[in-house]
Each structure stands twice: as structure tokens, then as C-alpha cells.
Amino acid sequence: MSDDDAETIKMAKELVFKLQMDLVRGSVNKMGQILGGKREDAVMHHYDTPRKSQEELEAIVQEQKDMIKVFLEDILRHNNAIKDMQNKLSQRESVIKDYLDELHVRVEEIAELKAEAVASQTEIHRLAIALEEERESKAIMQSAFEHQLQHSTAELTDLQYRYELLEKTKGMARIAKPRPQKSADVRRNSTDDEDDVEGIYSSMGVLAPTAIDLTDVEFESLGNVDLTEFPQDEVALLSVCIDGANVLWEKAAGAMRKAVVVYKDIVRQCYRKYKGVEVHASNDCYLLAFSNATDALAFGLTAQSRLVIQDWPHLLANYPQARNKNNPENHSPIWKGLRVAMALHVGNGMLASVDGATGNIQYEG
0 MSDDDAETIK
10 MAKELVFKLQ
20 MDLVRGSVNK
30 MGQILGGKRE
40 DAVMHHYDTP
50 RKSQEELEAI
60 VQEQKDMIKV
70 FLEDILRHNN
80 AIKDMQNKLS
90 QRESVIKDYL
100 DELHVRVEEI
110 AELKAEAVAS
120 QTEIHRLAIA
130 LEEERESKAI
140 MQSAFEHQLQ
150 HSTAELTDLQ
160 YRYELLEKTK
170 GMARIAKPRP
180 QKSADVRRNS
190 TDDEDDVEGI
200 YSSMGVLAPT
210 AIDLTDVEFE
220 SLGNVDLTEF
230 PQDEVALLSV
240 CIDGANVLWE
250 KAAGAMRKAV
260 VVYKDIVRQC
270 YRKYKGVEVH
280 ASNDCYLLAF
290 SNATDALAFG
300 LTAQSRLVIQ
310 DWPHLLANYP
320 QARNKNNPEN
330 HSPIWKGLRV
340 AMALHVGNGM
350 LASVDGATGN
360 IQYEG
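Residue numbers (numbering that gives the first Met the number 0): 0 to 364.
Quick look at the structure:
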């Protein structure tokens, strides 16, 4: 038994003894009041009564011990209840601390998202200004083009009119009545050759049509592309594209704009390293050509390895298309940032050529 328990028992015994004495005093006083006598008479009457037997006294003592025992049990039960409440309070404090820590993390995330939002708004504002400037520039170019088109249309109409007038003049020259013949000396000294259709054209005050000299233009050289840098015969074509790009552009355009710059730099650095060439590029997708499948596979492995170690904008990790995923065993990254899909096709007897309609490179074979 601990010192605290012994002290508690001692205090309980003293309390019980005090209660017993108060009970005796109260009984004596009340008995005196009932008999109508004074307190001293009641006390004398009390002492005159026969004393209780030993068995009755032992029964009273035993009863008092039982009461003390019950009282001690109640005290012990209350102490246990107090300890349970203390344990529950300690658990509640731990839970509250965990919630506060989680709240702190959430506040930091919200602050980061607010910063991203401010950056995105700034970027949107800058892009809006750039877009407005581009629209104004396009409007100016369109106005200039329309003006040039109107001018060219007017010149074309004028040329057509002159041509029709020339044809009519030729017809008039064929059906005109014979004019009086001038003498040879007169014709020799004359500067106007009225028998010449162009001379007749000139005499009417209409300038002759102007012909455009295209004899020195090499039409075959226009739009030529050097095909020697593109692999021929055995060719490995590799398609590279960002998976889920449309969703990411729609939900996080600011972060996506930064991520695409990193993605394009990695793709171009890697295909140049393995002697690949860019056949076609559209939006965020590339079609690359390699002279063999080994170089194409080496490009794919190198590019994917570099993509997974890049520092991507944190906002992209909130979306499934760019969410990070680690190996549960060694916590190394499996997916990080943009997912880049690649498809490889290898063929023989393939030749590169230029599409005459679009000017793009195309492979056949």
C-alpha cells in the first residue's frame, strides 16, 4: 500500500470516528429534548441505562469497519475513474495535436495554391495582353492584305480590260477598209507604224499590256528540302506525345506551359544525341526518325529516365495525369511529372519525300 493510500485510510478513520461522536452527541441531545429535561439529566439518564453487552459492541465495531471498507472501496473506485479520465484527456490532447499539425500542413498547401493562383493570374494577364497585341497585329496585317488584294484586283481588272481592248483592236484592224496607201518615202519617214496592231493600240491612247518576265525563275528549286539528313531504306519511326495533355492544359495551363518547355528540351536533346531527326511536330507531339531501332530505343530509355528526375511544377501532382508514384520497396520514383507515351515502328525500303501540298516530310514504303 502506498503512502497516499495509507494517508487516505487514516483520514477516513478519523472522519468515521468524528461521525460516531457527532451521532452520540446528537442522540443524547435529542433524547433530552423528548423527555423535556435538561441536557445534564439526559446525560445522567444515559449513564444510568445499562451498558451494552460485548457482543453488541463487537457488532457495532464490525458494522463500522464494514462502513469504512465500503467507503475505502468507493474512494478507490473514484481514484480509478479519475485516472481513466486523465488517460482519455491525454488521448484527446494527442488527437487535437495531430489535427493541429494537419491543419498547419493544409494552411501551407493553401498558401502554395494561392501563390500558384497569383502566378497563373499574372501569366493569364500577360498572355491576354500578348493576345490582344497579336490580334491588333493580325488586324493590321489583314487590313494591309485586303488593301493589297484590292490593289491587285484593280490591276488585274485593268489588265483584263486592256487585253480585251487589244483583241477588239485586232479584229477592227482585220475588217477595216483599206486606207489610202502612203508613198514609200512617207512611210519610211513616219514614226508611227499604223499597220502594226501595237501601233494602233498606242495611237488610241492605251498603253500596251506589261508582261512579267519569269524566264529566270527556277520553279523546281522552290520549297526544296535537303533529304540527305533523313534516314532512308531502314528507318525507325518513333511517335512521342504527352498523355492527358488536353486535360492538363484545361486545368493547369500556367504550370503546363512551364512543364512543356522542359519536355521539349529533353526530347530535342535526346534525339540529337542518338542522331535522330524531327520529321513532324504538332502541338506537344513529335514524329522522329532514326536509322535503326537501337538508336530509337536508346532515345526512348534516355528520355524517360530524364523525365522522371526533373523538377516539375507542384500543381501538376494534384491531377491523375501527372501524379507522382514511388516504388513501395525503395521509394524510388516510378512516375513523376508528365507521362510521355512513345510508339515505335521499324520498316525496310522506306524513302523520305516532300509532300508537294504541305511541304512536310513524309515516308513511304
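Think of the CB as a built atom: it goes at the ideal place given N, C-alpha and C, for glycine as much as any other residue. If you're wondering where the values come from, they're calculated on a predicted model, not measured in any experiment.
*asked:* Taking 8 Å as the cut-off, is the beta-carbon of I241 closer than that to any non-hydrogen atom of the ligand MN?
replied: With respect to small molecules bound, the structure shown includes none, and the ligand MN cannot be examined in it.
_Simplified DSSP state of L287, which is helix, strand or coil_ = Numbered from its first residue, the sequence shown carries residue 287 at position 288. L287 falls in the strand class under three-state DSSP.
*asked:* Could you compute how far the alpha carbon of L337 sits from the alpha carbon of K96?
replied: Taking the first residue of the sequence shown as 1, we reach residue 337 at position 338. Taking the first residue of the sequence shown as 1, we reach residue 96 at position 97. Rounded to the nearest angstrom, the two C-alpha atoms are 37 Å apart.
*asked:* Using CA atoms only, rank isn't needed, just tell me which of H313, V307, L315, A340 is closest to N326.
replied: In the sequence shown, residue 326 corresponds to position 327, counting from 1. Closest by alpha carbon: V307.
*Could you tell me which of A252, A258, R305, V246 sits nearest to Y406, measuring between CA atoms?*
Outside the shown range of the chain, which is 0 to 364, sits residue 406, and nothing can be said about it.
*Note down the Cα distance separating N347 from C240, rounded to an integer number of angstroms.*
Within the sequence shown, numbered from 1, the residue matching residue 347 stands at position 348. Within the sequence shown, numbered from 1, the residue matching residue 240 stands at position 241. Note on geometry: alpha-carbon atoms of N347 and C240 lie some 24 Å from one another.
*Of the listed residues L148, G299, Q147, nearest to A235 (C-alpha basis)*: As a first step, residue 235 must be located in the sequence shown, where it is residue number 236. Taking only the C-alpha atoms, the option nearest A235 is G299.
*Helix, strand or coil: how does DSSP classify I308 here?*
In the sequence shown, counting from the first residue as 1, residue 308 sits at position 309. In the structure shown, I308 adopts coil according to DSSP, grouped into three states.
*Where W311 falls, given that 16 or more other Cβ within 10 Å makes a residue buried*: As a position in the sequence shown, residue 311 is number 312, starting the count at 1. Residue environment: W311 is assigned as buried (16 or more neighbouring CB atoms within 10 Å of its CB, all protein chains considered).
*Does the Cβ of L75 have 16 or more other Cβ atoms within 10 Å, making it buried, or fewer, making it exposed?*
Looking up residue 75 in the sequence shown gives position 76. The residue in question, L75, is exposed, as its Cβ has fewer than 16 Cβ neighbours within 10 Å.
*Would you check if the segment 328 to 345 and the segment 242 to 251 touch, i.e. whether three or more CB-CB distances between them fall below 8 Å?*
At 8 Å Cβ cutoff, the stretches touch.
*Evaluate P230 with the Cβ neighbour count: other Cβ atoms within 10 Å of its Cβ, from every protein chain shown; 16 or more gives buried, anything less gives exposed.*
Here residue 230 corresponds to residue number 231 of the sequence shown, with the count starting at 1. Looking at its Cβ environment, which holds 16 or more other Cβ atoms inside 10 Å, P230 is buried.
*Select from N359, D100, Q120 the residue whose C-alpha is nearest the C-alpha of A252.*
The residue given as residue 252 occupies position 253 in the sequence shown. Distances from the alpha-carbon of A252 to those of N359, D100, Q120 put Q120 closest.
*What are the uninterrupted segments assigned as alpha helix (DSSP H) that are 4 or more residues long and contained completely in the segment 239 to 265, given in chain order?*
The qualifying runs are 244 to 250.
*asked:* Quick check on DSSP: helix, strand or coil for D354?
replied: Sequence index remark: in the sequence shown, residue 354 carries index 355 (1-based). Here D354 sits in coil by DSSP.
_Quick check: is the beta carbon of K64 nearer than 9 Å to any beta carbon in chain D?_
Among the chains in the structure shown there is no chain D, since it carries only a single protein chain.
_Cα-Cα separation, A321 to V261_ = Residue 321 sits at position 322 when you count from the first residue of the sequence shown. Residue 261 sits at position 262 when you count from the first residue of the sequence shown. Answer to the nearest angstrom: the Cα atoms are 14 Å apart.
*Between the beta-carbon of A254 and the beta-carbon of E111, is there less than 9 Å?*
Residue numbering aside, residue 254 sits at position 255 when the sequence shown is read from its first letter. Residue numbering aside, residue 111 sits at position 112 when the sequence shown is read from its first letter. Going by C-beta atoms, A254 is not nearer than 9 Å to E111.
_Quick check on this structure: which residue in T293, G358, L350 has the alpha carbon closest to the alpha carbon of G364?_
On the sequence shown, position 365 is the one that residue 364 refers to. Answer by Cα proximity: L350.
*asked:* Could you pull the DSSP bridge partners for Q361 from this structure?
replied: Reading the sequence shown from its first residue, position 362 is the one you call residue 361. S352.
*asked:* Please tell me whether I333 and H279 are closer than 9 Å, where the distance is taken between their beta carbons.
replied: Here residue 333 refers to the residue found at position 334 of the sequence shown. Here residue 279 refers to the residue found at position 280 of the sequence shown. Result no, Cβ atoms of I333 and H279 do not sit closer than 9 Å.
_I'd like the span of the beta strand (DSSP E) that includes S281, first residue to last._
Taking the first residue of the sequence shown as position 1, residue 281 is located at position 282. Per DSSP, S281 belongs to the beta strand (DSSP E) from 276 to 281.
*Nearest-angstrom Cβ-Cβ length linking I8 and L71, presumed shorter than 8 Å*: The residue you call residue 8 lines up with position 9 of the sequence shown. The residue you call residue 71 lines up with position 72 of the sequence shown. With a Cβ gap of about 6 Å, I8 and L71 count as contacting.
_Between the alpha carbons of E249 and S281, how many angstroms are there, rounded?_
Position 250 of the sequence shown holds residue 249. Position 282 of the sequence shown holds residue 281. For E249 and S281, the distance between alpha carbons rounds to 18 Å.
*asked:* In this structure, how does DSSP classify L221 when only helix, strand and coil are distinguished?
replied: Sequence index remark: in the sequence shown, residue 221 carries index 222 (1-based). In this prediction, L221 scores a pLDDT of 40, lower than 50, which makes its location untrustworthy; the coordinate-derived value is nonetheless stated afterwards. For L221, the secondary structure class from DSSP, reduced to helix, strand or coil, is coil.
_Between the alpha carbons of Q309 and P319, how many angstroms are there, rounded?_
By 1-based counting over the sequence shown, the position of residue 309 is 310. By 1-based counting over the sequence shown, the position of residue 319 is 320. Rounded to whole angstroms, Q309 to P319 spans 18 Å at the Cα level.
_Reduced DSSP secondary structure (H/G/I, E/B, other) of P230_ = By one-based count along the sequence shown, residue 230 stands at place 231. Coil, per DSSP.
_Tell me the DSSP secondary structure of N347 in three-state form._
Here residue 347 corresponds to residue number 348 of the sequence shown, with the count starting at 1. Three-state result, N347: strand.
*asked:* Given this structure, state the Cα-to-Cα distance separating Q147 from R134, to the nearest angstrom.
replied: Locating residue 147 in the sequence shown gives position 148, counting from the first residue. Locating residue 134 in the sequence shown gives position 135, counting from the first residue. Cα to Cα, the separation comes out at about 19 Å.
*Count the other C-beta atoms from every protein chain shown that fall within 10 angstroms of the C-beta of G275, then say buried if there are 16 or more, exposed otherwise.*
What you label residue 275 is simply residue 276 of the sequence shown in a count that begins at 1. So G275 counts as buried.
*Note down, in chain order, each residue of its chain lying with its Cβ closer than 6 Å to the Cβ of H344, except the 5 sequence neighbours on either side.*
As a first step, residue 344 is located in the sequence shown; it is residue number 345 there, counting from the start. The answer, listed in chain order, is L236.
*asked:* Among the candidates A288, N317, D354, I109, whose CA atom is the shortest distance from the CA of S238?
replied: As a first step, residue 238 is located in the sequence shown; it is residue number 239 there, counting from the start. Comparing Cα-Cα distances from S238 to each of A288, N317, D354, I109, the minimum goes to A288.
*Of the choices E101, L126, S93, L56, whose alpha-carbon is the least far from that of R256?*
As a first step, residue 256 is located in the sequence shown; it is residue number 257 there, counting from the start. Ranking the options by Cα distance to R256, first place goes to L126.
*Where does K369 fall in DSSP's three states?*
The requested residue 369 does not occur in the structure, where the chain is confined to residues 0 to 364.
*Would you tell me roughly how many angstroms separate the C-alpha atoms of I128 and S151, rounded to the nearest one?*
Here residue 128 refers to the residue found at position 129 when the sequence shown is read from its first residue. Here residue 151 refers to the residue found at position 152 when the sequence shown is read from its first residue. Distance between the alpha carbons of I128 and S151: 34 Å.
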